[in-house]
Amino acid sequence: MDKTLFEKIIDREIPAEIVFEDDYVIAFNDIDPKAPIHILIVPKKVIRSINDIGENDKDLIGKMFLVARNLAKEKGIDKSGFRTIFNTNDDGGQTVYHLHLHLIGGRQMNWPPG
Ligand code: AMP
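See the structure below:
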């Protein structure tokens, strides 16, 4: 099967501004940021969307949120606030089918989302 866009970033086949990496997760700046801080937190394991998360992935998903928490603190938006989002399939606005958690902050967010 073809590599996902984010696997190509993990494998250094296309460039990205990587802000965190360990054996399980990579995080990099979104190429088209929707706010001053917009980071994508991506599991190295290919999971297409929330619909494809398995029981065995519970630790991995938890780790993604810990990375988001740490990056929010590192970027100085933990106190002001931020938003974490998984988009799923067409109605959810998903465009890359490799699970990713958006960490967005540095400005006031609107609710409801568009
Ligand atoms: P989603 O629409 O939730 O699937 O999010 C996909 C995100 O990936 C979008 O916010 C895009 O701007 C972002 N994106 C697409 N290509 C790249 C890339 N090469 N490097 C970093 N972010 C990307």
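In case it helps, the numbering used here puts the sequence shown at residues 1135 to 1248. We treat Cβ as the ideally placed atom computed from N, Cα and C, and that holds for glycine.
- Within the segment 1202-1227, the alpha helix (DSSP H) runs of at least 4 residues that lie entirely inside it are, in chain order, 1223-1226.
- Glycine 1239 counts as buried, since at least 16 other C-beta atoms from the protein chains shown sit within 10 angstroms of its C-beta.
- Taking C-beta separations shorter than 6 Å and ignoring five residues to either side along the sequence, aspartate 1186 has no partners in its chain.
- Closest in alpha carbon position to tyrosine 1158, among Lys1168, Ile1144, Gly1248, is Ile1144.
- Residue range 1139-1144 is occupied by the alpha helix (DSSP H) that includes isoleucine 1143.
- Relative to asparagine 1221, the option among Ile1171, His1234, Lys1192 whose CA is nearest is His1234.
- Around the beta carbon of phenylalanine 1199, fewer than 16 other beta carbons lie within 10 angstroms, which makes this residue exposed.
- Glutamine 1228 has its CB nearer than 7 Å to a heavy atom of ligand 1.
- DSSP places proline 1170 outside any beta strand (DSSP E), giving it a letter other than H or E.
- Membership of leucine 1235 in the beta strand (DSSP E) is indicated by the continuous run 1235-1239.
- Classified as exposed, isoleucine 1152 has fewer than 16 neighbouring CB atoms from the shown chains inside 10 Å of its CB.
- Taking C-alpha positions only, phenylalanine 1216 is separated from arginine 1182 by approximately 24 Å.
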